[in-house]
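Heads up: the structure comes next, in structure tokens.
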Ligand code: GLA
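In the working numbering, the protein residues as written are -7 to 718.
Structure representation (structure tokens):
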């Protein structure tokens, strides 16, 4: 059993970690999370002292035991713990005090599910569920804490449900999904910040007293901060040291907060951001807080990342394309933008076919009146001026050439200049009578409303049924402002942000069920909703609108901390690059795009013969390395270029018999110094060959002595080394 409840001590175990709680004086105390310690009662670490100005709970004798100084499992507001809390409730009398006491604990076989929310599923893994019930007796408010233990994956999931069992209406002002308290503060916080076209840049800073927090109040998980954070010991490196991850399986507003308190202990909390959040529960109603994936590694950040890669790839991603090879695609966005028609797309398809590309994706601009981004969203009817004869004619034409066909949608949005907005202005999120904010000159549809979703669902279904469409790119190109829903009374307007995401998930569940053979790629202006929640519906997400291979080194490096390569949408684009004006070699663009789902995004009809020949080779290489790239173990061999002139990463097969080493040397130098790459994850005693290179090397040699990177002229030259056991 991975879960053990005895003598008030509740212990969960994964392959390499132990997580423990204890019931003390009726409260649920956290005693330990870290390296495996068996079912040893770790509460000997929990010390008490008369610390002034910390409240003493009712019924506790003496002055030593305060919730303010204990490590707590799910802290609520108002009973003496002055640190950051997980639960804040306003009762009918205006009071906000909640006193949670332990009631019961139950172990169940298998992994719990959360209705209407994405969550890890059991699949073919062993999993157990722990349910702990806490209660505020005075107001009859119950909290059920859920834990899913994936022993083999080293993952413990957390979520919770608040149930109003009282007679009065209550307002939830904050319901975080989880809290982990630590005895000390000697850790760094790693988080992933950014902006449109530069997402998930890594930042590592030591914890300090007070609060360090990241989050989103934009309605989406956002480009600006990713809902995945890491706490690690100061000495933790890629390959050694203690680290903890928390990844939110949710795509809306979030907060991830690390607080170092007076006695130098640390609290990490994660959940839906409480700004603009107020959820009303009538008697008998309940609220579910989304899931967080916790993982622990003492083998450094690399192992922590690999834990997440496996968990997301195998127990979050679903559907046909979870395992099936995804087609190598060409997308027309950077080739044509809005200026295309059937003939142009067929020209691209014909040329693409010759080079081995397998699918054409028609991006934005095929519907309504859409010649730029100022109009047409919401009018999901084929623009026959651009596609004379309709969609089927185009798709059949593309299929006849021998390519699959994919299409772009932005279902959550509406342009003011659209038939849909003229017919239903109240379907957009706006406050009646008040002027509103535009983003990309568009508004957001109120996806919390069933009739809005139903309408878009029908339009989308009609299109998908009208031709042989095998892929959908689901885009969302602005954040939420003017949040107010015509479907809810005034007291429930604080629910709209969350209900929007619930509506989105409901839609995605239905559309992916209805079209199980369609590959859905998520997108929000690139990687603005790159989170484990979306990956439950979209096995891949366009990683960034920045297609410059050099910028992608930084973006994909940061992304790799929490997300598997199989989810990273990545394409070769034209040079000079449209976002940066930079030119790099075709080889470099190919190697970088291969750290993802791989495809092309340029006008292939204008490509030189030399580049076309290279594309053919890239496609063959990608197919050859596909399993290794998509399912192999991922190792970061360097950082993102902050401290080294080489950015390198490696895919290694599970049996360690083959590996693919990839690297880009950033700056060329006169009289160059030599660069060596140190491989990882090989079998030290095995003997390996490197394709196209002479010599044989033991794994120990390649990992400890390294392998020389050739001196290459010009900036940003790439190497790709295929390493195979002899
Ligand atoms: C977003 C996407 C792009 C492209 C455009 C189309 O920015 O990230 O890839 O689809 O929208 O408008």
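We put the beta carbon where it would ideally sit given N, CA and C, even for glycine.
Could you compute how far the alpha carbon of residue i sits from the alpha carbon of residue j?
| i | j | result |
| --- | --- | --- |
| residue 557 | residue 587 | 6 Å |
| residue 403 | residue 339 | 28 Å |
| residue 717 | residue 615 | 20 Å |
| residue 492 | residue 85 | 29 Å |
| residue 160 | residue 275 | 6 Å |
| residue 99 | residue 428 | 50 Å |
| residue 405 | residue 471 | 10 Å |
| residue 382 | residue 411 | 19 Å |
| residue 342 | residue 335 | 10 Å |
| residue 75 | residue 25 | 19 Å |
| residue 0 | residue 29 | 17 Å |
| residue 326 | residue 399 | 15 Å |
| residue 59 | residue 254 | 13 Å |
| residue 636 | residue 630 | 7 Å |
| residue 190 | residue 15 | 46 Å |
| residue 576 | residue 536 | 18 Å |
| residue 475 | residue 453 | 27 Å |
| residue 623 | residue 124 | 35 Å |
| residue 619 | residue 32 | 41 Å |
| residue 356 | residue 606 | 28 Å |
| residue 799 | residue 279 | What is shown of the chain runs -7 to 718, which leaves residue 799 out entirely. |
| residue 778 | residue 671 | Coverage of the chain is limited to positions -7 through 718, which leaves residue 778 absent and any answer about it impossible. |
| residue 450 | residue 236 | 43 Å |
| residue 498 | residue 531 | 17 Å |
| residue 397 | residue 345 | 12 Å |
| residue 552 | residue 707 | 24 Å |
| residue 358 | residue 488 | 31 Å |
| residue 240 | residue 663 | 48 Å |
| residue 626 | residue 242 | 24 Å |
| residue 494 | residue 608 | 43 Å |
| residue 372 | residue 510 | 18 Å |
| residue 164 | residue 478 | 21 Å |
First and last residue of the alpha helix (DSSP H) that includes residue i?
| i | result |
| --- | --- |
| residue 475 | Run containing residue 475: none; DSSP gives neither H nor E here. |
| residue 734 | Since the first and last residues shown for the chain are -7 and 718, residue 734 lies out of range. |
| residue 758 | Given that the chain is displayed from residue -7 to residue 718, the structure contains no residue 758 and the question cannot be resolved. |
| residue 141 | Taken as a continuous stretch (DSSP letters only), residue 141 belongs to no alpha helix (DSSP H), being part of the beta strand (DSSP E) at 133 to 142. |
| residue 9 | Note, residue 9: premise wrong, no alpha helix (DSSP H); beta strand (DSSP E) at 9 to 16. |
| residue 306 | 292 to 307 |
| residue 498 | 488 to 506 |
| residue 412 | 411 to 415 |
First and last residue of the beta strand (DSSP E) that includes residue i?
| i | result |
| --- | --- |
| residue 570 | Per DSSP, residue 570 belongs to no beta strand (DSSP E) and is neither H nor E. |
| residue 323 | 321 to 323 |
| residue 45 | No beta strand (DSSP E) contains residue 45, which DSSP labels as neither H nor E. |
| residue 514 | 511 to 514 |
| residue 156 | 147 to 156 |
| residue 280 | 278 to 289 |
| residue 679 | 679 to 682 |
Return no unless some Cβ of chain C is closer than 8 Å to the Cβ of residue i.
| i | result |
| --- | --- |
| residue 396 | In summary, chain C is missing from the structure at hand, where a single protein chain is found. |
Do the segment 137 to 157 and the segment 183 to 196 touch if we need at least three Cβ pairs shorter than 8 Å? No, the segment 137 to 157 does not touch the segment 183 to 196.
Closer than 8 Å is the cut-off here; do at least three beta carbon pairs connect the segment 558 to 566 with the segment 287 to 297? They do not touch, by the three-pair rule.
Taking 8 Å as the threshold, find out whether the segment 345 to 362 comes into contact with the segment 429 to 445 through three or more Cβ pairs. Between the segment 345 to 362 and the segment 429 to 445, the count of Cβ pairs shorter than 8 Å is below three; the stretches do not touch.
Can you list, in chain order, every residue whose CB sits closer than 7 Å to a heavy atom of the ligand GLA? In chain order, the qualifying residues are 325, 355, 356, 365, 400, 465, 467, 469, 515, 517, 518, 534 and 537.
Contact between the segment 157 to 177 and the segment 56 to 65 is defined here as three or more beta-carbon pairs at a separation below 8 Å; is this criterion met? Contact holds: three or more Cβ-Cβ distances are below 8 Å.
Three or more C-beta pairs under 8 Å: does that hold for the segment 654 to 662 against the segment 682 to 691? Under the Cβ criterion (8 Å, minimum of three pairs), the segment 654 to 662 does not count as touching the segment 682 to 691.
Quick one: complete beta strand (DSSP E) runs, 3+ long, within the segment 568 to 650? List check, beta strand (DSSP E) in window: 591 to 593, 625 to 628 and 638 to 644.
Does the segment 578 to 592 come into contact with the segment 538 to 554, if we say contact requires no fewer than three beta-carbon pairs (one atom in each stretch) closer than 8 Å? Segment contact: the segment 578 to 592 against the segment 538 to 554, three or more CB-CB distances shorter than 8 Å; contact assigned.
Which whole runs of the beta strand (DSSP E) in the segment 176 to 259 are 3 residues long or more, in chain order? The segment 176 to 259 contains these whole beta strand (DSSP E) runs: 179 to 187, 190 to 198, 202 to 208, 220 to 225, 235 to 240 and 246 to 252.
Cβ contact check for the segment 311 to 321 and the segment 494 to 513: 3 or more pairs under 8 Å: Yes, they touch.
Could you check whether the segment 590 to 597 touches the segment 258 to 266, counting it as contact only if at least three pairs of C-beta atoms, one from each stretch, sit closer than 8 Å? Segments in contact, no.
Completely contained alpha helix (DSSP H) runs for the segment 321 to 407, where each covers 4 or more residues: Segments of the alpha helix (DSSP H) lying fully in the segment 321 to 407: 325 to 328, 334 to 347 and 383 to 393.
Would you check if the segment 600 to 618 and the segment 630 to 642 touch, i.e. whether three or more CB-CB distances between them fall below 8 Å? As far as the Cβ criterion goes, the segment 630 to 642 does not touch the segment 600 to 618, which means the pair count is below three.
Going along the chain, which unbroken runs of the alpha helix (DSSP H) with 4 or more residues stay wholly within the segment 522 to 547? Scanning the segment 522 to 547 from its first residue to its last, the whole alpha helix (DSSP H) runs of 4-plus residues come out as 524 to 527.
Would you call the segment 96 to 114 and the segment 277 to 284 touching, i.e. three or more CB-CB distances under 8 Å? Under the Cβ criterion (8 Å, minimum of three pairs), the segment 96 to 114 counts as touching the segment 277 to 284.
Does the segment 520 to 537 come into contact with the segment 213 to 228, if we say contact requires no fewer than three beta-carbon pairs (one atom in each stretch) closer than 8 Å? Below 8 Å, enough C-beta pairs join the segment 520 to 537 and the segment 213 to 228 to call them touching: three or more.
Indicate whether the contact test is met: 3 or more Cβ pairs, each with one atom in the segment 439 to 446 and one in the segment 362 to 380, closer than 8 Å. Counting Cβ pairs under 8 Å, fewer than three are found: no touch.
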